[in-house]
Amino acid sequence: MQGLQPVRGTRDILPENMRRFRQVVETARELCERYGYLEMATPIFEFTEVFARPLGETSDVVSKEMYSFTDRGGESLTLRPEATAAVARAFLSEGLMHELPLKFFCHGPMFRYDRPQKGRWRQFHQINVELLGAAQPLGDVEIIALGGHILEALGVRPRTALELNSLGDAESRRAYRDVLIAYFSDHRDKLSEESQERLTRNPLRILDSKNEGDKRVAAGAPPLSEYLNQASVDFFAAVRAGLDTLGIGYALNPKLVRGLDYYSHTIFEFTTEDLGAQATVMGGGRYDGLIELLGGPATPGVGWAAGIERLSMLMASTPPASRPFVVVPIGAQAEAKALAVTHALRQAGLRVELGFSGNVKKRMKRADKLGARAAVLMGEDELAQNAATVRDLESGKQELIPLDALSERLAQFR
RNA sequence: GUGGCUGUAGCUCAGUUGGUUAGAGCACCGGUUUGUGGUACCGGGGGUCGGGGGUUCAAGUCCCCUCAGCCACCCCA
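Just so we're aligned: the first sequence equals residues -14 to 399 in my numbering.
Below, the structure is given as structure tokens:
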């Protein structure tokens, strides 16, 4: 415990920043619904196995980034590092295999024990979409289109580029894996220590190493695209044709691999150059083998995740806060009436503040600081006429309004 | 886990070759005759100079350790 500071990699989200978060989540929620992706949620922790198995024991996430702990019952639990495996688990737990295809949207905090830097935290937040039970390329297309649509609605699409690749189906990957191991084994001495380890465990990931020596060796590696079987080639062609139909531009990136083991066929990332070393804003792909890995029936899936922090950093502006009306009682005898009026206005649907203390001057200052649109002044004069003085805080104009017409008058502001 | 940079009021920073009670702007609080905001003027509160140790007559200012933040590697959102 290091006193009064948040744990490394975590942070408080104050209202101004929260408005950006909400903008992201609400935009995503609305567009997801339009595409038929309904909101759901999973717990933020699961049995460790839920993540360890599908992500791959050798993946960085599982081998060094999970927040795992033993609970009082002796179970190994893990704060979710990502959503897809949890959604897949929910799909099985809830017995949803007979309701395919299913489309889900969810959002919430994720946890990864990583060194924080620009655009990276230990607790971060994601929006996710998952499409289960659609084996067709059309599913990949819809998922990518939805992602691009959300980025557009948030105004960040122009700052991103879509990168695309195909890992092929399981058969293609197996064949390519053997080829790759043979190739890299011949150049073993030129590989970084880390990549030499990857050679036996996950040779595909040597391809996207940033190590200069690795890069040189990887450049000469046989390309994955040449080892895709016909079915995989056709599938990928259909995905690209769908994107073309929608006018969604992309760049093929044969080195795009992604860190999790469960991907197959299409993988993609919307990347940016505006977040330092963190290029990925939204990433995902097809994961046809995942449900089976968890012990369920073979069920195809496609989806993506996007970082809410990263998206909100790319947004040009912060959505404005709502502007309240402030009720200002003048004199002690007006306070009870002010309380009643405030309550009535709130019930009428308006955002209204009633200060807790202070003379008129202080209350007016406070109203200004709150960004109030208008002040509702109530003193002896007003009470005598069963009315209130409404002061427009932008123009400074005041008018006397009968109390029974007050909410209607205030509703005209904006 | 590794490396680079940084660490003075709530925020952004200034603090001379180490030398008296550590400053500014913004923010905050109060006031400028008491039923009225935003501007202006006046005043005020607030700092173990990240923490610990050392050198020195004397350290925010030099040295060591430590903690934290930022950025980068790895990998991703």
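For each residue, glycine too, the CB sits at the ideal point set by N, CA and C.
In three-state terms, what does DSSP make of Arg57?
coil
Host beta strand (DSSP E) of Val164 (start-end)
Segment Ala155 to Asp171 is the alpha helix (DSSP H) holding Val164; no beta strand (DSSP E) there.
Taking Leu339 and Leu355 to be in contact with their CB atoms under 8 Å, please state how far apart those CB atoms are, rounded to whole angstroms.
Beta-carbon to beta-carbon, Leu339 and Leu355 are separated by about 11 Å, too far to satisfy the 8 Å threshold.
From which residue to which residue does the beta strand (DSSP E) around Val72 run?
Run containing Val72: none in the beta strand (DSSP E); it sits in the alpha helix (DSSP H), Thr69 to Ser78.
Compare the beta carbon distance of Leu184 and Gly198 with 8 Å and say whether it is the shorter of the two.
no
For Asp273 versus His250, is the C-beta spacing smaller than 8 Å?
yes
Cα separation between Gln370 and Arg358?
24 Å
Give the straight-line distance between the Cα atoms of Arg348 and Val313, rounded to the nearest whole angstrom.
7 Å
Please return the same chain residues whose Cβ sits closer than 7 Å to the Cβ of Val337, not counting the five positions on each side in sequence.
Pro309, Phe310, Val312, Thr327, Leu330 and Arg331
What are the boundary residues of the beta strand (DSSP E) that includes Pro314?
Phe310 to Pro314
The stretch 241 to 256 touching the stretch 165 to 175, judged by at least three CB pairs closer than 8 Å:
Contact fails between the stretch 241 to 256 and the stretch 165 to 175, because fewer than three Cβ pairs, one in each stretch, are under 8 Å apart.
Using DSSP with H/G/I as helix, E/B as strand and the rest coil, what is Glu31?
Correct three-state label for Glu31: strand.
Closer than 7 Å by C-beta to Phe30: which residues in its own chain qualify, once you throw out the five before and the five after it? Chain order, please.
Leu62, Thr63, Leu64 and Arg65
Considering only residues of the stretch -7 to 31, which uninterrupted alpha helix (DSSP H) runs meet the minimum length of 4 residues and lie entirely inside it, listed in chain order?
List check, alpha helix (DSSP H) in window: 0 to 19.
CB Leu123 to CB Asn238, shorter than 8 Å?
No, Cβ-Cβ distance for Leu123 and Asn238 is not below 8 Å.
Could you compute how far the alpha carbon of Ile(-2) sits from the alpha carbon of Asp259?
Each residue's CA atom was taken as its position, placing Ile(-2) and Asp259 some 22 Å apart.
Return yes when the Cβ of Arg14 is within less than 8 Å of the Cβ of Glu1, no when it is not.
no
Report yes if the CB atom of Ala75 is closer than 8 Å to the CB atom of Thr43, and no otherwise.
no
My guess is that Leu40 and Leu241 are in contact by the Cβ rule of under 8 Å, so how many angstroms apart are they, rounded?
Leu40 to Leu241, Cβ: 18 Å. No contact.
In whole angstroms, what is the alpha-carbon distance linking Glu79 and Leu152?
Distance between the alpha carbons of Glu79 and Leu152: 30 Å.
Quick one: Cα of Lys346 to Cα of Gly232, how far?
59 Å
Restricting to Cα atoms, I'd like to know which of Phe36, Ala146 and Asp377 is closest to Ala68.
Phe36
Contact under 8 Å by Cβ, Leu117 with Leu77
no
Under the assumption that Leu131 contacts Leu299 (Cβ atoms under 8 Å), give the Cβ distance between them as a whole number of angstroms.
Between Leu131 and Leu299 the beta-carbon gap is near 18 Å, outside 8 Å, which marks them as no contact.
Of the choices Leu213, Pro94 and Ser170, whose alpha-carbon is the least far from that of Ala203?
Nearest C-alpha to Ala203: Ser170.
Can you confirm whether the stretch 105 to 117 touches the stretch 209 to 225 when touching is taken to mean that 3 or more C-beta pairs between the two stretches lie within less than 8 Å?
no
Where Glu84 falls: helix, strand or coil (DSSP)
Reduced to three states, the DSSP call for Glu84 is coil.
Determine, using beta carbons only, whether Gly292 and Phe109 come nearer to each other than 8 Å.
yes
One question on the structure: do Arg243 and Gly286 come within less than 8 Å of each other, judged by their Cβ atoms?
no
Measuring straight from C-alpha to C-alpha, what distance separates Gly381 and Asp353?
Across the structure, Gly381 and Asp353 are spaced so that their CA atoms are roughly 12 Å apart.
Can you list the alpha helix (DSSP H) stretches of 4 or more residues lying completely in the stretch 275 to 341, in chain order?
275 to 278, 293 to 299 and 320 to 332
Taking Ile128 as the reference, which of Val10, Ala283, Glu18 and Ala306 has the closest Cα?
Glu18
In the DSSP assignment, what residue or residues form a beta bridge with Ser194?
None, per the DSSP bridge assignment.
From the DSSP output, which residues share a beta bridge with Gly133?
Answer by DSSP bridge pairing: none, since Gly133 is not bridged.
When the Cα atoms are used, what is the spatial distance from Leu388 to Pro94?
Distance between the alpha carbons of Leu388 and Pro94 is about 46 Å.
Beta-ladder partner(s) of Phe220, from DSSP:
Per the DSSP secondary-structure output, Phe220 pairs with nothing in a beta bridge.
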